[in-house]
Each structure stands twice: as C-alpha cells, then as structure tokens.
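To keep things clear, I will list the structure first and then write my remarks on it.
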Amino acid sequence: MTKTGPREDPHDDLTVTPPKRWAAGVPAVAHAMEYSLEQAGPRRTMLTLLSLNQAEGIDCPGCAWPDPKHRHKNEYCENGAKHVNDEATTRRVTRELFARHSIAELDAKSDMWLNHQGRLTEPMVKRPGATHYEPIGWDDALGIVADELNALASPDEAMFYTSGRLNNEAAFLLQLFARAYGTNNLPDCSNMCHESSGSGLGETLGIGKGSVSLDDIHESDLVFVVGQNPGTNHPRMLSALEETKRNGGRVIAVNPLPEAGLIRFKNPQRPRGVIGRGTVIADQFLKIRPGGDLALFQMLNRLLLEAEDAAPGTVLDHDFIAAHTIGYDDFAAHARTITWEHVLEATGLDRAEIEAVHEQVLRSRSVIVCWAMGLTQHRHGVPTIREIVSFLMLRGNLGRPGAGVCPVRGHSNVQGDRTMGIWERVPDRFLDALGREFDFEPPRRHGYDSVEGVRAMRDGRARVFVGVAGNFVRAMSDSDVTEAALRSCSLTVQISTKLNRSHTVCGETALILPTLGRSDRDVQATGEQFVTVEDSMSEVHQSRGRLAPASPHLLSEVAIIGRLARRTLGSGADGIGAIPWEDFEADYGLVRDRIARVVPGFADFNARVAVPGGFRLPNPVNEGVFPTPSGKAVFFRNEPTWIEPPPGHLVLQSLRSHDQWNTIPYAMNDRYRGIHDARRIVMVNPDDLADLGIADRDLVDLVSVWTDGSERRAPGFRVVAYPAARGSAASYYPETNVLVPLDSVAEISNTPTSKGVIVRLEPAPLR
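Residues 1 to 767 (full-length UniProt numbering) make up the sequence shown, in order.
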C-alpha cells in the first residue's frame, strides 16, 4: 500500500460556511485587489491590470478563454488578476534562501510556501551528493546540460516537458531543438488534462480542437457546460454565458457539485452585478455522478432517435448525416439498446430531469457542448467525447453559427503548444515540413507522453528531464512513483519563474534556470520583443510584457532554448548546425517567419498577428471538411460503461480550490464552496455520510482501491458534509494525486483518471 503524508502544510483551522449561490460581484474585485496589492504593490498592479488581455498587452497567464472583440478596459477576472500579479510579485528568491535551506528542508515546505517566496533571480545548481543549491553562471549551467545530453547512449534517454505557460515562439523552438537532437520525447500538460479531447475529436472529426468561436457561444440557443467549473477555472466564460442568456439562449450545467458560478453570476462590470441579483446562468443543473456523462448523452441520443420515429423528417438532420458522416446505422441501432435502468444507475439522475433536457434540445436550433476535465480524466473519457460528437451530429450542430464542440482549456497556451508541434506523436506531415525547412531528417519514432515518461525514468530508460515551465512532479498522478522516477535521473532541469515542488525533487545533478515571465519586458539585440499565444478557440494574438524583469540575470525562454541548442548541437554550414539559433534569439519575428512555413494556417504570421486582436486559425470542420481517413465525420458505437464502487465506497474526483492556479494554492480558502483555512478536506453528501457511519468533521484517511488489488492512502482529511451527488466525493489536488496509480489511465488517450477514483473513508488513527 502506498502511503504519502502531508508535507509542512500551512496551519489547518477549518471553518465551513454554506456554499455560495452566486459568483463574482464586488467580493471578487476586493479579493483580486487584495492579493494583487499584497504581491505586486500599487504601481505594478496598475500596470498589469490595465494591460491584461488588451490588444497589445499581457495575455493572461491563467486560462485560455478567448478575448471578446469589444474589450472592456478591465478585461480580466478575479483569478486572472491574481495569476498575473502572483508572477509580477516584488518578492525575490535569492542565493541566500538556498544557502539557508537545504533541498530536504525546502521539500518539507508546502506548495503555497514555496510559491510565496517570489521570483527566481539567478541560475542555481545542485551538484552530485550536495545538500543545497548553489549559484552558477549561465554558460556553465548550459554546458552541464549540453554535456549530459551529448553523453547519453540515445537521444531517447532525454525528455523535454512543457506546460501551457510557454509561448508559441519558444514552443516551436523547443520541439525543433528536441527533434534536431534526435527525439520525439515531448510530453506536455495536455497529456494530463485534455488529451482525451484531442483523441475523441481526432477520431470523430479529424481535428483535435474545438470548432466554436466566442460569437457562437453568444448566439447559441442551448449551451451545455459539462464537467466544468467556470467560476474558478476560467471565470471570464461566465461573461460569455451571461451574453448567451441576454440573447435568449439557455444553459444546462452537468456537474457532480453545485458550482456557484453556474448558478448565478454577478458581473462586476455591470450595474446589476454590483447592486442587483445578477444573472441566472443554468436553466437546469444536473447533479450527475462522476463518470455518468457517457450514459446521459447515450440516453439523449436514444431519445432523439425515438423523437424522429414519432415525427419523421422533423428531428434529425438527414442531409448532414448523409453528406458528412459515416457509421450512422450501426450507431443508431446500438443507441436504441440503451436502457433507462442503466442510465439512471450510472447518472444518479431522475428520468424526469433527463426528459426535460431532451425537451430543451428539441426546442433548440443550435447547440454547443462545452466540457473540461470532468469528462476527460475518466477511463472512458474518449468514448464520452465521441458520444457527445454523435449527439451534435444527429441534428447537424457542427459547422454552423451557434453550434459545435467546445473543449475549454484551463491553461493559457496549452493549445498553442500542441499547434507548434509539442506532441510526442506529431503527424508525419508536420515532420516532413519541419525537415524541409531546416534541412534535416526528424526522428519518426513516437516519443513518451507524460505517463510513459514517468515509466521510462522509473525503469532507467530516460535519464535526463528538462521541464520548461510548469510543475511536473505535482501535476502528475502517483506522486510517490513520480518523485522516485525524477530522483533516479542523472540530471533534472527546470526552466521556471517561481519556486515549486519540481525544484525540490532532484536528479543526481539539478539545475534551476530562471526565465522571464509573461508580464516582463523582453528586450533582445534587435529591440523589444513580443510573443504569441493561441486560446481555446484558435485565436492567435500577441502578448507583450510591461514590467521591468525581476532580475538582470533572467533570460527569455526563447533565449534559453536557443543557447542550449547551440551548445548541444554545435554549428556548421549545413543541416542541424545551420539552424540560426542566435538570430532567433535576437528577433522573434524570424521564428514566426519559420512557423509560417511549417505550421498550417500561419501564412503571413508576422503581418496577421500585428493586427490588434490577431487572427483565427482555420478549422476545417466549419468548412464541412473532416480530415479523417474516410473524409467524413464518424459516428461511433460506444459500449455503456460507468464507475460502480463496491458497498461502503465512493467515487472521488480531484479538483481545484478557488484560490488555486493549477498545482499551486494562493491561499487556504475555497470561498464559493464555503471551505476556509484548510485544504486536506473531503466533501461528501450528508446522506452518504450517514450510510457510512461517518460524521461531519471526522478525520479520515482516503484509501483508493484498484482492480489489481492495490491500494493507495492519503492520510488526514477532514470530512465536510456537502451537497455533492450521491455516491461521490471531492477533494483537492495535488494532495490527492497519490491516490491515482500511474497505470490508471483513460483508454486511448493515456490521461490519468483523476476524476474517477474509487475510495473508502477510514477513521484516521492518532498520529
């Protein structure tokens, strides 16, 4: 049994208030300003907030929600303000902190404590056998990395990981460097969150991205928000849903927890959001059991087929189905076998609730389905997304205004990184174009994704880990195995803005390479530079920092990658040696010129991104083109499946608190859910607690159980009675990552199953 205890967490002093029935409003503004001023001070806060999400300003480093055409002068949300000013903080991590604290002492600190130390200021190294980091110059640091890479028996012994904080230019250079070096080992944070979206959409539509625009959201008759909490993870989506409601559209929320932002939204930029009651968002809220979404959409599809039977020619879009799809007959025959008994058990919903949704669908000419990790992080995440695509195709809800698929990315440029080639299984057509442009033959063997990368490090097949942004060790499942795997490496390198857990889980040699943040001015040999990002709806636009860098010793990610490539690959007149890394560092426009010749949709990149607001990448689905092997969209027959916990067990989903960005808590509160001054809590329906013989506020261990007979234990969680779906539980990550074995992944996508963990609650022993 795996057993991981808490590190030196901040003081837990749990208080609970009733969950909020609305989100945002004046309190959100107050909390945003309080945190921003505490971190960055008045002047820097003013500079960041007035520039945030403006046409030539700083792209929010938080979520990937798109910017509206007509921007407000305060175009940010509470969490966006916190994110940018957490990066713009005046606090600094210097060599003195590393001298005071050994790596073991830093590793005992909480995630929040590490983050609150501030911005990194100079390169640091942990040498073999050392207990502390010490300063190192850039030239020596890059030399260590280059020497280690060149000493490996195979390029496939190295991994190059990135998160969605990376910009397009640096992402393009990172994948170019990795492939010029000789490997496709390019795992990224998509592997852990939205890989199921890419897999499911790729199989059905031929492209792993969403098809809708912000205007589509505004114009839609009906928007489903499934497995998603916009009020915390992408709050500006609430403004878009408010516009949907103002235009007469309706919203159906599907989630195991009653999230405040989906109940009512008080837009602080509108009078009714300040002094009024705000806007009701969800016309119907389905409190579904975790993993029941596949069954829900299977029943909706059966009901649509039956409605067509009752009124032939009035329900389904037969023209769309005939012209643009394959597999309909087999799909329809299978859909008719779905039973109410199965669906009600899988979803925990009433039949009347599902029939009410069906009636709303029938009344709607245009439908959008939005989703996030509540769908993707299940074993059957890919089949669920395939079923949603079938649901939309039955009534032709693809490629027309107000309709389509909308996976909502939770990190600012995670979609752009994938577009730039950060993918361990990039198609041959991309590699062909890359090889032609830079005169070399890229490797064709598929690389490691995040899960396979941990296995490779654990088994000695990977010896060097290079992380560009992010916090890999806390983002991954199976915390004990992940930490041991990284510690077994000969070299770990973290290119970062702030201190996090991935700096305290070290290889034999470890480097911290500090980089510019999104909010920092980036001045190179040819002058001030900007970078670009791609949002959830394929809009590409500029981001330009406004603040003086946190230290004169910082390099941009473009510069770090370019200098490392030169040290590793050398220079010469032809092929790999002729890649002009130094020119790319001096002028990012030259990188964009190369992107324009390699990546589809980026022709005239520099000219088009110079236009305020940038441009939207083409989506073939909206042109009636489906780049699948058949050239048509595919109806899939998805076998019914759901999570069936044994008696005395619940299905746990991990989630963020409101005061958290990805793996990092900013504070100990989850304001909208009414949880204050604690993180090691587990939310359970009061009726389930009664059945289990557990009282509200009891202290329990969470024990996950798996089909192979193994168990994982996360000790010391306080129970909170909460109006969650029956049979479910919810708790925060990364504290619960230890409960998910490395091998528990979604079919096809290999995404960790963090939203479908079968657990029992055991009374915690005295410790």
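Using N, Cα and C, we set each Cβ at its ideal position, and we do this for glycine too. In this text the structure is predicted, and so the values were computed from the model without any measurement.
DSSP on residue i, reduced to helix/strand/coil?
i: S51; result: helix
i: M683; result: strand
i: F602; result: coil
i: V254; result: strand
i: I758; result: strand
i: L554; result: coil
i: P19; result: coil
i: F717; result: strand
i: T2; result: Only weak support exists for where T2 lies, its pLDDT of 43 falling under 50; the value from the coordinates is given anyway. Looking at T2 - three-state DSSP - the assignment turns out to be strand.
i: F530; result: coil
i: V611; result: coil
i: A548; result: coil
i: K245; result: helix
i: Q542; result: strand
i: M420; result: coil
i: V738; result: helix
i: G467; result: strand
i: T45; result: helix
i: G404; result: strand
i: residue 779; result: As displayed, the chain neither begins before 1 nor continues past 767, which places residue 779 out of reach and without an answer.
i: L349; result: coil
i: K69; result: coil
i: L702; result: strand
i: V745; result: strand
i: R92; result: strand
i: T121; result: coil
i: I103; result: helix
i: D188; result: strand
i: R302; result: helix
i: R712; result: strand
Between which two residues does the alpha helix (DSSP H) harbouring residue i extend?
i: R521; result: Element bounds for R521: n/a, residue is neither H nor E.
i: A485; result: 479-487
i: S728; result: No alpha helix (DSSP H) contains S728, which is instead part of the beta strand (DSSP E) from 728-732.
i: F438; result: 428-438
i: L328; result: Per the sequence presented here, residue 328 reads as Tyr, with Leu not at that position. Here the alpha helix (DSSP H) through Y328 covers 328-335.
i: A578; result: No alpha helix (DSSP H) holds A578; DSSP gives it neither H nor E.
i: G453; result: 450-458
i: S196; result: 195-205
i: V263; result: Reading the sequence as shown, one finds Ile at residue 263 and not Val. Element bounds for I263: 260-263.
i: Y181; result: 168-181
i: M393; result: 381-394
What is the C-beta distance between residue i and residue j, in whole angstroms, given that I count them as a contact (C-beta under 8 Å)?
i: I368; j: F224; result: 7 Å
i: I58; j: R518; result: 6 Å
i: V682; j: R760; result: Actually they do not touch by this definition, with Cβ atoms about 11 Å apart.
i: T753; j: R379; result: 5 Å
i: F605; j: R616; result: Contact doesn't hold; Cβ gap of about 13 Å is too wide.
i: V523; j: T482; result: Actually they are not in contact, since the Cβ atoms of V523 and T482 sit about 37 Å apart, beyond 8 Å.
i: D439; j: G562; result: The pair is not a contact, with the Cβ atoms about 18 Å apart (cut-off 8 Å).
For the beta strand (DSSP E) holding residue i, just list the boundary residues, first then last.
i: I321; result: First-last for I321: 318-324, but that is the alpha helix (DSSP H), not the beta strand (DSSP E).
i: L222; result: 222-226
i: M537; result: No beta strand (DSSP E) contains M537, which DSSP labels as neither H nor E.
i: I217; result: Element bounds for I217: not the beta strand (DSSP E) but the alpha helix (DSSP H), 214-219.
i: W371; result: 367-371
i: V125; result: 124-126
i: residue 839; result: Here the chain covers residues 1 to 767 and nothing more, so residue 839 does not appear.
i: T162; result: 158-162
Using 8 Å as the Cβ pair cut-off and three pairs as the minimum, do the region 548-565 and the region 512-532 touch? yes
Report the start-end ranges of each beta strand (DSSP E) in the region 491-516 that is 3 residues or longer and not cut off at the edges. 491-496, 509-514
In chain order, each alpha helix (DSSP H) run of at least 4 residues that lies wholly inside the region 615-698: 686-692
Three CB pairs or more closer than 8 Å across the region 106-122 and the region 82-96: yes
Does the pairing of the region 153-161 with the region 179-192 give three or more beta-carbon distances under 8 Å? yes
Would you call the region 64-74 in contact with the region 455-467, where contact means no fewer than 3 C-beta pairs closer than 8 Å? no
Is the region 535-548 close to the region 138-158, with three or more CB pairs under 8 Å? no
Could you tell me whether the region 238-256 touches the region 662-679, where touching means 3 or more Cβ pairs closer than 8 Å? no
Do the region 423-434 and the region 639-652 touch if we need at least three Cβ pairs shorter than 8 Å? no
Segment contact, 8 Å Cβ cut-off, at least three pairs: the region 172-183 with the region 493-503: no
Would you call the region 647-657 and the region 342-356 touching, i.e. three or more CB-CB distances under 8 Å? no
Would you check if the region 625-640 and the region 557-577 touch, i.e. whether three or more CB-CB distances between them fall below 8 Å? no
How do the region 288-303 and the region 598-613 stand: do at least 3 beta-carbon pairs fall below 8 Å, yes or no? no
contact_flag[the region 307-318, the region 388-396] where n(CB pairs < 8 Å) is 3 or more: yes
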